[in-house]
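Participant:
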Amino acid sequence: QVQLVESGGGLVQTGGSLRLSCTASGTTLSINHMGWYRRAPGKQRAFLASISPDGGSTDYAVSVKGRFTISRDNAKNTVYLQMNSLKPEDSAVYYCNTRTVYYTWGRGTQVTVSS
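For reference, each letter of the sequence shown is one residue, going 22 to 136 in my numbering.
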């Protein structure tokens with residue numbers, strides 16, 4: 022059974038940075054376009070960023086473009102999300118999945134940005 026595991030969240034002040042990690046058991050992520058998503062309180066889960074299997078192509082939502090960077094290390098079966106210039110509105114639970122949301126969602130990692 023495939024299990025996605027997100028980590029790296031926490032409490033940070035406005036303008037701060039965090040790096041999230043996504044790993045998986047039961048599958049290799051390297052063959053997939055992978056994405057990061059988030060769900061803020063009272064809102065639907067939203068797409069943030071995606072990356073091609075070889076890491077050569079990325080795509081970002083307007084809300085995070087220029088502040089967030091998605092990357093991957095296929096040797097470690099891990100996808101990352103570097104988040105800079107964080108704002109209170111970035112507070113949410115962050116998840117990873119394939120770009121087509123193929124796998125069951127993991128538990129996510131909570132990011133809280135204080136003002």
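Every residue, glycine too, gets a C-beta built ideally from N, C-alpha and C.
Only a predicted model underlies this, so the values are computations on that prediction, with no experimental measurement involved.
1. By DSSP's criteria, residue 95 is part of a beta bridge. Which residues make up the other side?
2. Could you pull out every residue in the same chain whose Cβ sits closer than 7 Å to the Cβ of residue 118, ignoring the five residues on either side in sequence?
3. With 16 other CB atoms within 10 Å as the buried threshold, where does residue 72 fall?
4. At 3 residues or longer, and completely inside the stretch 57–105: list those beta strand (DSSP E) runs for me, N to C.
5. Compare the beta carbon distance of residue 40 and residue 104 with 9 Å and say whether it is the shorter of the two.
6. Can you grab the Cα-Cα spacing for the pair residue 101 / residue 115, in whole Å?
7. Excluding five sequence neighbours on each side, which residues of the same chain lie with their C-beta closer than 8 Å to the C-beta of residue 33?
8. Go ahead and pull the three-state DSSP assignment for residue 136.
9. What are the partner residues of residue 119, as DSSP defines its beta bridges?
10. For residue 111, which residues from the same chain have a beta carbon less than 6 Å from its beta carbon, with the 5 sequence-adjacent residues on both sides left out?
Facilitator: Reading it off the structure:
1. Partner(s): none; residue 95 has no beta bridge.
2. If we look at residue 118 and ignore the five residues flanking it on each side, its Cβ neighbours are 25, 56, 58, 124 and 126.
3. Buried, by the Cβ-count rule.
4. Under the rule that a run must span 3 or more residues, the beta strand (DSSP E) segments found entirely inside the stretch 57–105 read 67–72, 79–81, 89–94 and 99–104.
5. Cβ atoms of residue 40 and residue 104: closer than 9 Å.
6. Across the structure, residue 101 and residue 115 are spaced so that their CA atoms are roughly 11 Å apart.
7. Correct list, in chain order: 39, 107, 132, 133, 134 and 135.
8. In the structure shown, residue 136 sits in coil (DSSP, three-state: anything other than H, G, I, E or B).
9. Residue 119 has 55 as its beta-bridge partners, per DSSP.
10. Within its own chain, the residues whose Cβ lies closer than 6 Å to the Cβ of residue 111, once the five positions on either side in sequence are excluded, are 134, listed in chain order.
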